[in-house]
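Engineer: I'd like to ask you about the structure that follows.
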Amino acid sequence: MKNTKVIIIGSGMGSLSAAALLAKKGLDIQVFEQNYLPGGCTTSYWRKGFVFEAGATTLVGLDEHMSLKYVLEETGIEISARKLDLPMLVHLPNGETISRFQDIEQWINEAERVFGKKGQRAFWTDAYQISQFVWKTSLKQKSFPPTSFSDLISAVKNVELSQIKNLPSAFLSVDHLLRKYGLHENELFIKFVNEQLMITAQNTKEEVNWLFGATALCYTNYGNYYIDGGLLNLVNPFVKYIESKGGEVLLREGVTRVEKLGQRYKVITTKGEYTCDYLISGLPINNTFEIYQGAYQTKLKSKLMESKQLNSAFQMGIGFKSNQHFGALHHQIHLTSPLAETGSDSIFISLSHEDDGTRCDAKGQRVMSISTHIPDPENRIVNNEIAEAAIIQILEERGFLRKEDIVYQHSSTPKSWSKWTGRKWGFVGGYPQYLKIKPWQMLDARLDGHKAYLVGDTAYPGQGIPGVTLSGIIAVEKMSRDWGLYPSPKVKTLRSKQDRIKL
Ligand SMILES: Cc1cc2nc3c(=O)[nH]c(=O)nc-3n(C[C@H](O)[C@H](O)[C@H](O)COP(=O)(O)OP(=O)(O)OC[C@H]3O[C@@H](n4cnc5c(N)ncnc54)[C@H](O)[C@@H]3O)c2cc1C
């Protein structure tokens with residue numbers, strides 16, 4: 261098997277998950293990454309005495325039935341993560357703050373306290389049940405979406421009554437469920453739902469189906485984790501593992517073109533030419549389309565997304581002096597008027613852990629990441645200075661910091677994202693949920709009907725790191741079955757510890 265070579269384009273978490281699973285099976289892995297760091301939207305970089313997160317800041321996926329836990333267990337990769345007591349605080353436009361407790365009962369009581377008793381218990385009980393179903397099913401149905409006969413056989417073999425029972429949720433919008441539970445006139449709650457959906461499903465109540473919407477809304481009802489030193493310390497163990505198996509992760513070497521060469525692929529990079537038996541693209545479908553000069557462009561073309569369907573992000577990194585206790589590491593502030601330059605209705609704030617001494621050079625300092633959506637990135641030019649000033653004013657008003665305590669600040673717009681990740685128009689966060697795209701109409705991991713596969717957040721949208729990790733698992737499963745590479749791995753159970761876990 262060692263001579264069976266797989267080239268993987270990009271080193272995002274989707275790519276690295278697939279690479280690690282394939283390296284374990286003895287395939288010869290070569291990952292090409294255009295950036296100087298691995299991880300793409302999930303990584304961290306050092307600047308002016310602080311370690312900033314590039315994109316992702318929240319981490320789920322380490323609970324039972326979740327994708328990241330599955331890959332760690334399959335490969336034996338170890339990471340060190342702190343479990344957060346309180347996953348998030350949400351600051352509502354009426355000035356009230358709501359705690360997003362992990363425990364569902366505690367959360368329902370909190371939701372009833374803030375939004376009123378009507379409909380809350382029924383809404384969240386339903387949502388939590390669906391979210392548990394989605395997570396449990398995702399690792400049982402590793403051929404999702406089924407697009408071949410063998411996928412169908414595998415899907416049918418693993419089908420359970422609950423999957424059939426919950427199928428209608430894919431046809432209903434979150435909006436429909438709000439109406440069902442009499443919550444459609446509760447304006448404060450509707451705004452809450454929409455802004456929470458934006459960070460996990462990238463769209464609002466009319467467009468997100470209940471199956472994914474419920475899962476997105478219950479994001480905080482699962483274990484949320486923090487990694488000391490930033491999420492690069494999630495990525496690096498994957499890179500080390502791939503290298504320990506004889507694979508390579510080549511940085512600063514972007515792929516410019518892929519050609520079909522008989523049964524193999526020719527991969528042209530900024531530094532040379534390579535051939536391989538299997539190809540995995542960890543780039544969004546729009547980027548993959550641009551570099552894959554195959555006979556299959558017609559098939560890919562119909563799957564491309566337009567800028568107006570997508571989002572980029574305005575992200576700000578601040579290193580500042582602080583001895584403050586913030587109550588939680590992650591905060592979402594719901595604004596009373598749209599943010600200058602981006603037009604967004606909320607901002608998301610993540611702080612470095614107060615006990616993590618590795619993110620700042622000096623004592624008594626913290627790092628803050630602030631992000632918000634920028635719709636239609638191709639057509640939006642954002643003035644950094646104006647957006648930064650507007651955000652700092654909000655942070656001061658809400659008591660997060662004082663301007664004079666800022667040691668260093670910088671920000672990124674679609675242009676920066678396009679440079680950092682190479683992603684078309686700098687669109688990030690995956691493609692948003694749309695009601696007309698049913699879960700089984702999601703992009704297939706099979707790219708060209710041959711030995712090329714797709715992973716990443718356009719293959720498995722919406723759920724960030726756990727979603728792209730799942731896309732890696734699915735691609736490996738399909739690849740293995742398509743070409744009889746090896747029997748697919750079994751789901752095992754990981755031990756879990758309450759506070760600080762080493763997996
Ligand atoms: C601001 C922001 C906040 C987010 N917050 C969260 C969060 O809190 N929690 C969460 O779970 N998720 C979050 N996400 C989403 C999550 O980070 C992404 O969905 C996920 O990391 C994407 O992984 P991916 O595998 O699709 O690849 P990407 O991260 O897009 O990586 C693709 C890689 O390919 C490389 N590349 C591109 N072109 C080429 C080429 N031609 N040749 C070689 N290499 C190439 C890029 O440099 C990049 O490293 C956030 C995203 C953003 C932008």
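Using our numbering, the letters of the sequence shown map in sequence onto residues 261 to 763. Every residue, glycine too, gets a C-beta built ideally from N, C-alpha and C. Every value quoted in this text rests on a predicted model; they were computed, and no experiment measured them.
Spatial neighbours of residue 665 within its chain, please: CB distance less than 6 Å, with the 5 preceding and 5 following residues excluded, ordered by chain position.
Structural biologist: 580, 581
Engineer: Is the stretch 670-677 touching the stretch 471-487 in the sense that three or more CB pairs, one from each, lie closer than 8 Å?
Structural biologist: With a cut-off of 8 Å on Cβ pairs, the stretch 471-487 is not in contact with the stretch 670-677, counting fewer than three such pairs.
Engineer: Counting Cβ pairs closer than 8 Å, one from the stretch 629-639 and one from the stretch 567-575, do we hit at least three?
Structural biologist: The stretch 629-639 makes contact with the stretch 567-575; the number of CB pairs closer than 8 Å reaches 3 or more.
Engineer: One question on the structure: do residue 220 and residue 701 come within less than 7 Å of each other, judged by their Cβ atoms?
Structural biologist: No statement about residue 220 is possible, as the shown extent of the chain runs from 261 to 763 and does not include it.
Engineer: Kindly indicate if chain E contains any beta-carbon less than 7 Å away from that of residue 400.
Structural biologist: The structure shown has no chain E; it contains just one protein chain.
Engineer: Let me confirm a value: residue 640 is counted as buried when at least 16 other C-beta atoms fall within 10 Å, else exposed. Which label applies?
Structural biologist: buried
Engineer: Go through the stretch 598-627 residue by residue and report every complete run of the beta strand (DSSP E) that reaches 3 residues or more, in order.
Structural biologist: 606-611
Engineer: For residue 579, is the beta carbon positioned less than 6 Å from some heavy atom of ligand 1?
Structural biologist: no
Engineer: Kindly indicate which three-state DSSP category residue 299 falls into: helix, strand or coil?
Structural biologist: strand
Engineer: So what's residue 581 in DSSP terms, helix, strand or just coil?
Structural biologist: strand
Engineer: Cβ atoms of residue 524 and residue 516: under 7 Å apart, would you say?
Structural biologist: no
Engineer: Check whether the Cβ of residue 543 sits closer than 6 Å to any heavy atom of ligand 1, and report yes or no.
Structural biologist: yes
Engineer: For the alpha helix (DSSP H) containing residue 509, name the first residue and the last one.
Structural biologist: Not the alpha helix (DSSP H): residue 509 falls in the beta strand (DSSP E), residues 508-510.
Engineer: For the pair the stretch 469-481 and the stretch 275-292, tell me if three or more CB-CB distances fall below 8 Å.
Structural biologist: no
Engineer: So, are the CB atoms of residue 464 and residue 360 less than 7 Å apart?
Structural biologist: Contact: no.
Engineer: Residue 329 and residue 319: beta carbons closer than 7 Å?
Structural biologist: No, Cβ-Cβ distance for residue 329 and residue 319 is not below 7 Å.
Engineer: Taking the alpha-carbon positions, what's the residue 748 to residue 402 distance?
Structural biologist: Unreliable placement is indicated for residue 748, whose pLDDT of 45 sits below 50; the coordinate value is still reported in the next sentence. One C-alpha to the other measures close to 10 Å.
Engineer: Taking only runs that begin and end inside the stretch 645-692, name each unbroken alpha helix (DSSP H) of 4 or more residues, in chain order.
Structural biologist: 674-681
Engineer: Which residue marks the beginning of the beta strand (DSSP E) containing residue 519, and which one marks its end?
Structural biologist: That run of the beta strand (DSSP E) goes 515-521.
Engineer: Restricting to Cα atoms, I'd like to know which of 595, 346, 433, 712 is closest to residue 551.
Structural biologist: 712
Engineer: With a threshold of 16 other CB atoms inside 10 Å of the CB of residue 272, please say whether the residue is buried or exposed.
Structural biologist: Under this definition residue 272 is a buried residue.
Engineer: Would you mind stating whether residue 491 and residue 313 have Cβ atoms separated by less than 7 Å?
Structural biologist: yes
Engineer: Of the residues 740, 717, 744, which one's Cα is nearest the Cα of residue 731?
Structural biologist: Of all alpha-carbon atoms in 740, 717, 744, the one lying nearest the alpha-carbon of residue 731 is that of 717.
Engineer: If we ignore side chains and look at the alpha-carbon of each, how far apart do residue 724 and residue 592 end up?
Structural biologist: If I take the Cα positions, the gap works out to 17 Å.
Engineer: I believe residue 430 touches residue 469 by the beta-carbon criterion, under 8 Å. Please report the beta-carbon distance rounded to the nearest angstrom.
Structural biologist: 5 Å
Engineer: Among 337, 408, 482, which has the Cα closest to the Cα of residue 345?
Structural biologist: 482
Engineer: Excluding sequence positions up to five away, which residues of its chain have a Cβ less than 8 Å from the Cβ of residue 601?
Structural biologist: 574, 642, 643, 646, 647, 650
Engineer: Note the first and the last residue of the continuous alpha helix (DSSP H) segment covering residue 706.
Structural biologist: Premise fails: residue 706 is in no alpha helix (DSSP H) and is neither H nor E.
Engineer: Determine the closest residue to residue 678 out of 567, 623, 396, 510, with distance taken between C-alpha atoms.
Structural biologist: 567
Engineer: So if DSSP puts residue 272 in a beta bridge, which residue, or which two residues, is it bridged to?
Structural biologist: 299
Engineer: Pick from 569, 564, 594: whose alpha carbon is nearest that of residue 456?
Structural biologist: 594
Engineer: Within the chosen definition, does the stretch 435-443 reach the stretch 325-343 through at least 3 CB pairs nearer than 8 Å?
Structural biologist: no
Engineer: Roughly how many angstroms separate the alpha carbons of residue 609 and residue 356, rounded to a whole number?
Structural biologist: Rounded to the nearest whole angstrom, the C-alpha separation of residue 609 and residue 356 is 17 Å.
Engineer: Shortest alpha-carbon distance to residue 704 belongs to which of 351, 584, 545?
Structural biologist: 545
Engineer: Just to confirm the assignment, what range does the beta strand (DSSP E) spanning residue 535 have?
Structural biologist: First-last of the beta strand (DSSP E) with residue 535: 533-536.
Engineer: Kindly indicate which residue of 364, 374, 393 has the alpha-carbon position closest to the one of residue 385.
Structural biologist: 364
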